[in-house]
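Engineer:
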Amino acid sequence: MVFHYGRLTRDGGTDPRTLVFACLAVQTTGLDVTWGARLCEVAVVRMRGDGTVLDEYATLVNPGTPLGNTELHGITDAWMAGVPGFEQIAGDLVRYLNDAVVVGYDLPAIDKFLAAEFDLLGIPVTGLPGLCALQTCRTHLEHADYRFDSLCRALTGQWPIAERYALEDARLLAAMVARLVDTAPEPLGWEGPVSAVPPMLACGGDIAPRAATPRRGTLDHVDLLVDRLPAMQDAPPSRADGLANYRMAVERYAAQGTVTAEDAEHLAMLAARAGLTQHTAREVHQELRHLVPQHAGAAAGIPASPVAASPGSGPSGITVPETRDLWRLRELTPEEYRARYTDLHGDIPEDLVIEAPEAAVRKKEAKPRRGTATALFVAVLVVLAVVWQVMVWSV
52 MVFHYGRLTR DGGTDPRTLV FACLAVQTTG LDVTWGARLC EVAVVRMRGD GTVLDEYATL
112 VNPGTPLGNT ELHGITDAWM AGVPGFEQIA GDLVRYLNDA VVVGYDLPAI DKFLAAEFDL
172 LGIPVTGLPG LCALQTCRTH LEHADYRFDS LCRALTGQWP IAERYALEDA RLLAAMVARL
232 VDTAPEPLGW EGPVSAVPPM LACGGDIAPR AATPRRGTLD HVDLLVDRLP AMQDAPPSRA
292 DGLANYRMAV ERYAAQGTVT AEDAEHLAML AARAGLTQHT AREVHQELRH LVPQHAGAAA
352 GIPASPVAAS PGSGPSGITV PETRDLWRLR ELTPEEYRAR YTDLHGDIPE DLVIEAPEAA
412 VRKKEAKPRR GTATALFVAV LVVLAVVWQV MVWSV
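Using the numbering used here, read the sequence shown as starting at 52 and increasing by one per residue.
1) Which term fits Asp398, buried or exposed, when burial requires 16 or more other beta carbons within 10 angstroms of its beta carbon?
2) Just to confirm before moving on: does the CB-CB distance between Glu75 and Val95 stay below 8 Å?
3) Who pairs with Tyr56 in a beta bridge, going by DSSP?
4) Could you tell me which residues DSSP pairs with Val77 in its beta bridges?
5) Ordered along the chain, which non-local residues of its own chain (more than five positions away) have a Cβ less than 6 Å from that of Val412?
6) Taking only the alpha-carbon atoms, compute the straight-line gap between Ala322 and Asn120 and give it to the nearest angstrom.
7) Pull the bridge partners of Gly136 from the DSSP assignment, please.
8) Between Ala312 and Glu237, what straight-line distance do the alpha-carbon atoms span, to the nearest angstrom?
9) Cα separation between Cys91 and Ala305?
10) What residue range does the alpha helix (DSSP H) around Val153 cover?
11) When the Cα atoms are used, what is the spatial distance from Val134 to Met442?
12) Please report the straight-line C-alpha distance between Ser246 and Gln440, rounded to a whole angstrom.
13) Counting only runs that start and end within the stretch 237–299, where is the beta strand (DSSP E) found for 3 or more residues in a row?
14) By alpha-carbon positions, which one of Ala426, Ile140, Thr190, Leu280 ends up nearest to Asp28?
15) From Phe164 to Arg303, what distance separates their C-alpha atoms?
16) Given a cut-off of 8 Å, decide if Asp162 and Val53 are closer than it, judged by their beta-carbon atoms.
17) Run through DSSP, which three-state label would Leu118 get?
18) Check the DSSP bridge columns for Met98 and list the partner residues they point to.
19) In terms of residue numbering, what span does the alpha helix (DSSP H) encompassing Met320 cover?
20) Below 8 Å between beta carbons: does that hold for Ala319 and Ser289?
21) How many Å lie between Leu432 and Ala426 at the Cα?
22) For Ala282 versus Gln337, is the C-beta distance shorter than 8 Å?
23) For the stretch 52–71 against the stretch 178–190, are there 3 or more C-beta pairs whose distance is under 8 Å?
24) In this structure, how does DSSP classify Leu432 when only helix, strand and coil are distinguished?
25) Does Trp210 pass the burial test, meaning 16 or more other C-beta atoms within 10 Å, or should it be called exposed?
26) If you drop the 5 nearest sequence neighbours on each side, which residues of the same chain put their C-beta closer than 7 Å to that of Pro117?
27) Whose C-beta lies closer than 7 Å to the C-beta of Glu382 among residues of the same chain, with five residues either side of it excluded?
28) Provide the residue span of the alpha helix (DSSP H) that contains Thr331, from first to last.
29) Ala109 and Leu218 look like a contact to me (Cβ under 8 Å); what is the Cβ gap, rounded to whole Å?
30) In this structure, what does DSSP give as the bridge partners for Leu192?
31) For Thr393, which three-state DSSP category applies?
32) Suppose you measure from the CA of Val437 to the CA of Leu123; what does that come to, to the nearest Å?
33) What three-state label does DSSP hand Thr384 in the structure shown?
34) Compute the distance between the beta-carbons of Gly100 and Leu70, then report whether it is under 8 Å.
35) By a C-beta neighbour count over all protein chains shown, 10 Å radius and 16 as the cutoff for buried, is Ser367 buried or exposed?
Quick look at the structure:
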């Protein structure tokens, strides 16, 4: 396990407004890491508990295997040109997760993929402070639907702009955490570890960010596309060949005066191949501003709207909903949570990992119990083996 899990509780603890959270989102080539699924996109939004965004990081990741799950995340082989593998971005990812409480919507599921990736590299990464947003919302909120988009709507008042983009998901997750901390009926406290000592890894600085593309294309949307690139504080230099192609494409679309949805996706793909961030893309637009004077936006270098809304306000002018009625009168205890969310087979759900912070020694991971389907499969194999032996002896 990469993470040592804690929780947000109403029973005291460290003020989360004083902590740094690293909101993590990923896309994968499949749903089950045990069947060889790999990471194909990662994004991190670092923020303080009061909602102030500190830094962003996002990149596609070349899994080294045929891409699957395309119908869910929209990443095709065409996006993989010049994309770094996990071994090239591992050091950068650890740096963005370090000195922060890592938040994931279903963090135990992400944990499995990260652990598998680091194991392939032979790098032990354990003990990073972790918070599962799904478990937190189930514990504190009374809601009919705990899917990510439904919780996002309930807490922030907006639907995901573009589904299955890691950076968009990480930004919305940051906004959700900020709202949880700000609107709790009783002050929330962090109960769990606050730091770890990760391995010292070299940072390559090679990125290929994927910007969420609009369903419709206009020149104004070219500026919006730039806002959907990561706002990295220490932006790496862009790739020269990819940058030249991006510049030519912007000039061509400016000359023709229109951008179709296909053009916008092509431009986003070129931005990924060039390794552009908001900062480096705006530099290009600033140089070409004389070609598109009627479209100020990113060309004028205007900063993007804040990702995580300030307490009490919504991003991009959206009015956030009243969340008072969402909160449970009291949070569920770990025992109540287990009783309510235990599945039909009697197994504890993967999103519940609550360790007492005062425990000096972490419990050893219990070996996973064989499920009913596995036991039935083994029994069938045993019966078939016996029948085969009987047939052989009878001959």
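Built from N, CA and C at the ideal position, the CB exists for glycine as well.
Just so we're clear, the structure is a prediction, and the values are computed from it rather than from any experiment.
Structural biologist: Per the coordinate set shown:
1) With a pLDDT of 49 at Asp398, under the threshold of 50, the modelled position of this residue cannot be trusted; read the value that follows with caution. Asp398 is exposed by the Cβ-count criterion.
2) Here residue 75 is Leu; the residue named in the question, Glu, does not match the sequence. Contact: yes.
3) Gly181
4) Val93
5) Low confidence applies to Val412: its pLDDT is 37, below 50, so where it sits in the model is not reliable, and the reading given next is rough at best. Same-chain partners within the cutoff: there are none.
6) 23 Å
7) Asn113
8) 46 Å
9) 32 Å
10) No alpha helix (DSSP H) contains Val153, which is instead part of the beta strand (DSSP E) from 152–155.
11) 56 Å
12) 58 Å
13) 240–242
14) What the structure shows of the chain is the stretch from 52 to 446, and residue 28 is not part of that stretch, so it cannot be assessed.
15) 41 Å
16) yes
17) coil
18) Phe72, Val104
19) 312–325
20) no
21) 10 Å
22) no
23) yes
24) helix
25) exposed
26) none
27) Thr60, Arg61, Thr190, His191
28) 329–338
29) 4 Å
30) Trp378
31) coil
32) 44 Å
33) coil
34) yes
35) The pLDDT assigned to Ser367 is 46, lower than 50, so where the model puts this residue is not dependable, and the model offers no usable value.
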